[in-house]
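Chains as they are written, first to last, in our numbering: chain A, 1035 to 1112; chain B, 2 to 331.
Think of the CB as a built atom: it goes at the ideal place given N, C-alpha and C, for glycine as much as any other residue.
Each remark here refers to the structure printed beneath this line.
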């Protein structure tokens, strides 16, 4: 519930300031905390489009990809 | 009542793999087999194997977290994570299990990410009363190593350690500026970031904390007296290389102070299940947190089983409590 409210609040803020990278960063983390890895990845990729060298985001993206690979590599490469 | 199919996840990919396997044997024995069907799953990279019918090793189907049995399959209801290091302690396994809707025994994904990253963990704990943290320099892969600047800031000796690793793998106590670069290179083998910390002289302690719906309980404190320069991998896992005294010989006030700090750190990092918090206590009574282990060792020589015994708790009851708590929260 806590994460849902935070995501909602950040989504409203992003619609008002779509160029603010820090908002995508925060919403990406909120999605991550809620285990909504697909949406988290979308937001982190938005951050990387504007700040390619951001190490923290790169770590999140790497981790999400590893988590998703456990399941989806098995689906596509049984 | 239906018996739960529990996957006891063991092994892992890190240098702590052997330790994790030793821990798993003790935990496996402690499970009440009248309540649980326990399946030992060896997690090694993308290959997760489990002993199936007739002792044959079968691959776990990670698309639905099950194993094939004859023409059908056994789906796991619960994951008991006994993997130290990656992927059991850094949040990856927790992320997978959340995605699959499988309840599990450890702290959640975000908490595991936080505690496994030593710098991030220190940032979260930095606001907690009564806990001091060693001054540090953090290096990312590709950063230039500047030994003179490091020594100017932190003095000597310093501890050079992987930012995300466990069991003291890749850790070096550096006494000369000329040794820093080699120690940094060694730590980078284990992690993408390297943490260099000032040396804090003091007695070392570990304190287990249980956090479930039944409440938060700190276990009796253990003093660790390494016979080497510090409590490294060899000292941790070789008989006779360290003395571990449980309960530690100290005043009731000091013991309570360490227990309170352990609880505060674990709560700040939103840990669940059973964790161990390690500290250094200086001669003037300042307590420095070293790290939080969200999957502490559970082998015969490990600290937490000794603390549970000292607290009069049976490992089988602790396993029940952790599983009940996880299922109740769903």
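Rounded C-alpha distance that separates residue i from residue j
i: residue 83 of chain B; j: residue 67 of chain B; result: 18 Å
i: residue 163 of chain B; j: residue 198 of chain B; result: 11 Å
i: residue 243 of chain B; j: residue 91 of chain B; result: 27 Å
i: residue 1080 of chain A; j: residue 310 of chain B; result: 51 Å
i: residue 290 of chain B; j: residue 272 of chain B; result: 16 Å
i: residue 161 of chain B; j: residue 139 of chain B; result: 10 Å
i: residue 214 of chain B; j: residue 330 of chain B; result: 8 Å
i: residue 18 of chain B; j: residue 1051 of chain A; result: 47 Å
i: residue 62 of chain B; j: residue 69 of chain B; result: 8 Å
i: residue 1042 of chain A; j: residue 1095 of chain A; result: 22 Å
i: residue 101 of chain B; j: residue 200 of chain B; result: 43 Å
i: residue 122 of chain B; j: residue 7 of chain B; result: 30 Å
i: residue 270 of chain B; j: residue 28 of chain B; result: 25 Å
i: residue 1054 of chain A; j: residue 1071 of chain A; result: 21 Å
i: residue 26 of chain B; j: residue 297 of chain B; result: 14 Å
i: residue 990 of chain A; j: residue 1075 of chain A; result: Any answer about residue 990 of chain A is impossible in this case: the structure gives chain A only from 1035 up to 1112.
i: residue 75 of chain B; j: residue 55 of chain B; result: 15 Å
Pair within 9 Å by beta-carbon distance, residue i and residue j
i: residue 1000 of chain A; j: residue 1045 of chain A; result: Nothing about residue 1000 of chain A can be read from this structure; chain A reaches only from 1035 to 1112.
i: residue 305 of chain B; j: residue 277 of chain B; result: yes
i: residue 275 of chain B; j: residue 217 of chain B; result: no
i: residue 280 of chain B; j: residue 246 of chain B; result: no
i: residue 190 of chain B; j: residue 159 of chain B; result: no
i: residue 208 of chain B; j: residue 194 of chain B; result: no
i: residue 155 of chain B; j: residue 177 of chain B; result: no
i: residue 196 of chain B; j: residue 188 of chain B; result: yes
i: residue 80 of chain B; j: residue 316 of chain B; result: no
i: residue 87 of chain B; j: residue 165 of chain B; result: yes
i: residue 205 of chain B; j: residue 282 of chain B; result: yes
i: residue 4 of chain B; j: residue 35 of chain B; result: yes
i: residue 119 of chain B; j: residue 292 of chain B; result: yes
Check: residue i C-beta below 8 Å from any heavy atom of the ligand GDP
i: residue 1089 of chain A; result: The ligand GDP is not part of this structure, which contains no ligands at all.
Proximity test, Cβ basis, 9 Å: residue i and chain C
i: residue 107 of chain B; result: As a matter of chain content, chain C is missing from the structure shown, whose protein chains are A and B.
For a minimum of 4 consecutive residues, which ranges assigned as the alpha helix (DSSP H) are wholly contained in the segment 85-112 of chain B? 93-101
Enumerated in chain order, which unbroken segments of the beta strand (DSSP E) with a length of 3 residues or greater are wholly contained in the segment 209-289 of chain B? 216-219, 223-227, 243-246, 274-282
Just to confirm the assignment: which complete alpha helix (DSSP H) runs, minimum length 4, are found wholly within the segment 133-203 of chain B? 148-155, 181-189
Which residues, taken in chain order from the segment 61-80 of chain B, show a beta carbon closer than 8 Å to some beta carbon of chain A? 62, 63, 64
Stretch pair the segment 2-12 of chain B + the segment 39-49 of chain B: three plus CB contacts closer than 8 Å: yes
Taking a cut of 7 Å between CB atoms, which residues from the segment 36-53 of chain B lie near chain A? 47
Specify whether the segment 247-257 of chain B and the segment 295-303 of chain B touch according to this definition: at least 3 beta carbon pairs, one from each stretch, less than 8 Å apart. no
Listed in chain order, which residues of the segment 1097-1108 of chain A have Cβ atoms closer than 9 Å to some Cβ of chain B? Residues 1097, 1098, 1100, 1101, 1102, 1103, 1104, 1105, 1106, 1107, 1108.
Pull out every residue of the segment 1078-1096 of chain A whose Cβ sits closer than 8 Å to any Cβ of chain B, in chain order. 1089, 1093
Mind checking the segment 1064-1078 of chain A against chain B and listing, in chain order, the residues whose C-beta falls within less than 8 Å of any C-beta there? 1066, 1067, 1069, 1071
Residue ranges of each alpha helix (DSSP H) within the segment 1052-1098 of chain A, 4 or longer: 1055-1067, 1071-1084
Pull out every residue of the segment 284-316 of chain B whose Cβ sits closer than 7 Å to any Cβ of chain A, in chain order. none
Hey, which unbroken runs of the beta strand (DSSP E) at 3 residues or more fall wholly within the segment 5-34 of chain B? Counting only runs of 3 or more, we get 5-12.
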